[in-house]
Each structure stands twice: as C-alpha cells, then as structure tokens.
Amino acid sequence: MNLIKKIKNLGKKEGGSGHQLGGQSSQGQNQSQGYHLGEANNRHVPSDAKDAAKLAAERRLAAEQEKKAQKDALRLERQMKVEEERLLQQKLGEMSIQERKEYDKKLQEEKGNSNVEVQNIKKKLNPVLYTSPFLAEGLIAGPANEVFQQLVDVIKESNFELDKKLELAARLFHTANSSEVQGKARDLITKMVGNICANPEEKKYREVKRQNRNYVENVLSAIGAELFLLLVGFEIAEVPEKGQVIRLAEEIDVNFLPGQLEILNNPGNPLELSVYRHSKVYFLADNAKVEPIQVPDWTFKLSGAEVAALQKEREKEAEWWMTVCSKRRRTISTPFKVSVIRVRFPNSAILEAMFAVDESISDVINYIGTLLDYPPESFILNEAVGNKFDLNSSESIGEAKLVPYALLHFKFLEDNKKYPFPDKNYVKICDEARKRMNFIGVDIADYKF
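Residue 70 is where the sequence shown starts when you use the numbering used here, and the numbers rise one by one after that.
Printed below as a string of structure tokens:
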C-alpha cells in the first residue's frame with residue numbers, strides 16, 4: 070500500500086490542479102483571469118507593451134507546463150492502476166465468501182454515493198436562461214425545462230381558440246423534446262388513437278392508466294404530449310380499482326382524431342425562445358481595472374465521472390438546440406454552461422451580458438449590434454493580447470476559451486466611427502430591463518454580476 074501512496078503523490082503539487090479549463094494550470098488560470106480582466110487600461114492593448122509581451126510568454130509557458138504535467142500524470146495513473154489491480158486481485162483471492170459479499174455490497178454503496186455527488190455538482194452549475202414571448206411577454210426567464218412547464222400551463226389556461234391551442238401545444242412538443250423522445254411519444258399516441266378508431270364501441274381502448282409504465286415513460290416524460298391529448302378530448306379521471314386514467318370523453322367524435330393527430334406530426338416552426346442576457350452597462354473611472362468575477366474553486370476540481378456526466382448532458386442540449394433554431398451547437402469540454410462576456414469601449418463604458426458557452430462569437434457580435442443599434446459588420450472585438458473577432462468568426466465562446474468570463478475590447482472599423490459609443494442612458498435602460506424581469510427555477514443572484 071505504501072507503493073500506491075508513493076505513486077499517487079509523484080508529480081503532484083499540493084492541493085492538486087483538478088479539472089482545468091483550456092489546458093491551463095491553476096496558476097495559468099489566475100494569469101488568464103488577469104489577462105482577460107484587467108491588463109488593458111486604454112483602448113485596445115495594455116499601455117505597457119513589455120507587460121503584454123511578458124503576459125503572453127507566461128501564458129504560453131503555463132500551457133506547455135500543464136501539457137507536460139498532464140502527460141506525466143496519465144503515465145503515473147496507468148502505473149498506479151496496474152499496481153492497484155494486482156493488489157486487489159491478491160486481496161480478493163484471500164477473502165472468504167462472506168467477506169467477498171460484504172466487499173461487493175460496500176462497492177455498490179460507494180458507486181451510488183458517487184452518482185449522487187455528480188447530481189449535486191450539476192445542480193450547482195448555473196444553467197442557461199431562456200425567455201418566451203408567450204410567457205409574460207418575455208418578462209420571465211428560467212432554465213429551459215422550467216420555461217416549458219410554464220408554457221404548458223399558459224396554453225392550457227389561455228383563451229385561444231381550440232385550433233390555436235392545438236397548434237401551440239404541437240409546437241411546444243416539437244420544441245421541448247429531443248427527436249428520440251418525440252418519436253416514442255408519437256408512436257404511443259398514434260397507437261392509442263388507432264385502437265380507439267378501430268374499436269369505437271370498445272370502452273377498454275378508450276382509457277389508459279396514467280401509471281402504466283409505457284405511458285409514463287413515453288407520454289408523460291414528453292413535455293406537451295399529454296397536454297395535446299387533453300386538448301383533443303381526453304380527460305383525466307379517477308376510476309375505482311384503477312386509480313387515475315386518461316380516457317377519451319364519451320361525447321368526442323373519434324372520426325376527428327386522425328386529422329388532429331396530423332397537427333402533432335407536422336407542427337410547423339418551433340416556439341420562439343431567446344437566451345436571456347441579463348445585460349448591464351456601467352462606466353469605469355480613469356485607469357480603473359475591471360474586477361474579476363469570483364468563480365467557486367470546486368468548478369476546477371471536478372472528477373472524471375462528473376465531467377463525463379456534464380458532457381453527456383451538454384450533447385443532449387446541443388441536439389435540442391438544433392431542433393429549436395436549426396443551428397448545430399458544438400459541445401465544449403468545460404463544466405460551465407454560461408459565460409459572462411464584458412465588452413470595454415474606448416469611452417470606458419462596459420457592457421456585460423450572459424451567453425451560453427456553445428453559442429458562437431457571432432452571437433455576441435449580433436447582440437451588441439442589436440442593443441446599441443450598430444451594423445454588426447461595422448466593428449470587431451479583440452482580447453488585450455491575442456484573438457480578434459468579427460461577424461464572420463465561427464468558433465464558439467467555449468472554443469475561444471472565453472469561459473467562465475472574458476473581457477473583450479470594442480473597436481470600430483475605420484469607415485464606421487460616426488456611430489456614438491454607449492452613453493449613460495444605456496445604464497438606465499439596462500437597469501430598468503433587469504428590474505422588470507422575474508425568474509423561475511433559479512436565484513439570479515447566483516450569477517454574480
């Protein structure tokens with residue numbers, strides 16, 4: 070066992086580097102924070118060119134050191150696993166049958182605790198927030214699933230005509246669920262309707278237990294699916310010895326069901342959703358530096374299992390986003406879901422806004438153009454030392470390593486200097502917009518800006 074401890078400790082620094090973003094060590098992370106958030110005091114580059122060059126060199130050195138450390142750690146980890154497996158097999162061979170049972174039970178308990186830990190970590194990460202014009206005219210923001218559940222209630226309780234409700238329910242179903250979930254729900258609903266139409270006088274085909282496993286897994290789990298059934302004439306009722314059932318009301322003409330089902334199969338465009346930005350504008354004093362956002366230490370120390378779970382979740386979100394706006398998001402290997410982008414203008418104005426890490430740089434450009442009424446092709450954004458971005462930049466915020474926050478510098482192209490920089494009116498505009506918002510499923514104070 071001393072050999073294992075010795076191998077584990079080889080090449081490690083005190084405290085451990087944990088999970089790093091962008092291939093940097095914890096030292097490199099701190100340097101990167103300084104790089105993003107404070108080294109530029111004039112328009113576009115640090116005032117002292119030597120400092121900028123030194124900063125770039127330190128950044129490259131940190132990246133090289135981290136890469137070497139990762140290779141050494143992987144090699145030592147392989148050696149450690151081989152030795153641990155050898156010792157484990159030796160220990161198992163010496164166990165009695167009872168001792169082996171106790172060992173297997175303890176192993177399962179530890180595995181269960183690990184899964185709980187992953188879930189807890191996921192809950193701590195700030196999710197992307199969305200708004201919908203159908204939800205309080207866009208004045209409520211929340212995680213996607215929270216917004217969708219609210220939309221179910223809004224559609225159900227609205228005063229729209231039935232045809233409009235069916236259209237909205239079908240679009241919500243199409244927007245909120247992955248293609249796999251949609252397919253399973255449609256298959257079961259089609260089967261239910263088909264059985265009813267083929268046997269209109271048979272009562273047993275008109276109802277299904279709501280706790281039926283097939284119904285729970287394929288219809289109740291699909292947002293908007295049961296809402297659609299309720300709108301076409303199904304009802305939820307309590308039946309003795311069966312409990313809750315969903316059944317077709319007696320007065321419903323079954324001949325209309327196949328036509329209504331076509332609305333679910335061909336819903337048209339997804340419901341409109343927008344990423345909520347939580348924008349803010351403020352002004353810095355002369356030569357003042359932008360204060361970094363405080364990021365909890367645990368975000369850089371996720372285990373491999375936690376990172377894998379988060380990555381799997383993000384892949385599902387990317388597929389869902391493809392359904393919503395026909396844009397393929399690229400999944401990024403980072404625990405963060407959102408990034409705070411700060412844009413510094415030559416007049417010391419700072420614009421802050423929140424973006425999903427897998428949105429593209431062009432989304433940032435377009436948002437600034439829309440908010441400030443600038444043509445998006447009239448300006449560029451650049452880091453203090455390094456990358457420059459324009460409307461044609463295709464990389465995502467995560468790919469550009471602008472997470473969990475970044476400071477970019479605004480620059481008009483030569484022919485577009487006629488546009489004014491943001492003034493103090495925008496401080497009031499953004500502040501009032503933030504105050505009008507309500508939030509569901511999150512505490513906006515957790516976003517730290």
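Don't be surprised by glycine CBs; every beta carbon is placed ideally from N, CA and C. Quick caveat, the model's predicted, so the values are computed rather than measured.
Residues Ile434, Asn435, Gly438 and Leu460 of the same chain have their beta carbon placed closer than 6 Å to that of Pro445, with the five preceding and five following residues left out of the count.
Only residues of its own chain outside the window of five on either side were considered, and among them Val350 and Tyr351 have a CB closer than 7 Å to the CB of Val496, listed in chain order. Rounded to the nearest angstrom, the Cβ distance from Ile292 to Phe242 is 7 Å, consistent with a contact under 8 Å. Within the same chain, and ignoring the five residues on either side of Ile332 in sequence, the residues whose Cβ sits closer than 6 Å to its Cβ are Leu235 and Ala239. The Cβ atoms of Leu296 and Lys225 lie closer than 8 Å to each other.
Per DSSP, the continuous alpha helix (DSSP H) segment holding Arg240 begins and ends at Leu231 to Ala245. By the Cβ criterion, the segment 474–493 is in contact with the segment 447–460, since at least three pairs of Cβ atoms, one from each stretch, lie closer than 8 Å. Classified as buried, Tyr284 has 16 or more neighbouring CB atoms from the shown chains inside 10 Å of its CB. Met423 is the residue among Glu464, Leu441, Met423 and Leu145 whose C-alpha sits nearest the C-alpha of Ala475. DSSP places Ile315 in the strand class (E or B) of the three-state scheme. In the structure shown, the three-state DSSP call for Met506 is coil. CA-to-CA, the gap between Lys504 and Val511 works out to about 16 Å. Collapsing the DSSP output to three states places Arg275 in coil.
Per DSSP, the unbroken alpha helix (DSSP H) holding Leu257 starts and ends at Ser248 to Ala267. If you draw a straight line from the Cα of Asn456 to the Cα of Ile466, it is about 12 Å long. Three or more beta-carbon pairs separated by less than 8 Å are not found between the segment 209–219 and the segment 255–267, which leaves the two stretches without contact. The beta-carbon separation of Phe414 and Phe490, rounded to 5 Å, stays under the 8 Å limit for a contact. If the five residues before and after Glu276 are omitted, its C-beta is found closer than 6 Å to the C-beta atoms of Val314 and Arg316, all from its own chain and listed in chain order. A direct Cα-Cα distance of roughly 24 Å separates Ile305 from Pro336. The beta-carbon distance between Val426 and Phe405, rounded to whole angstroms, is 6 Å. This is short enough to meet the 8 Å contact definition.
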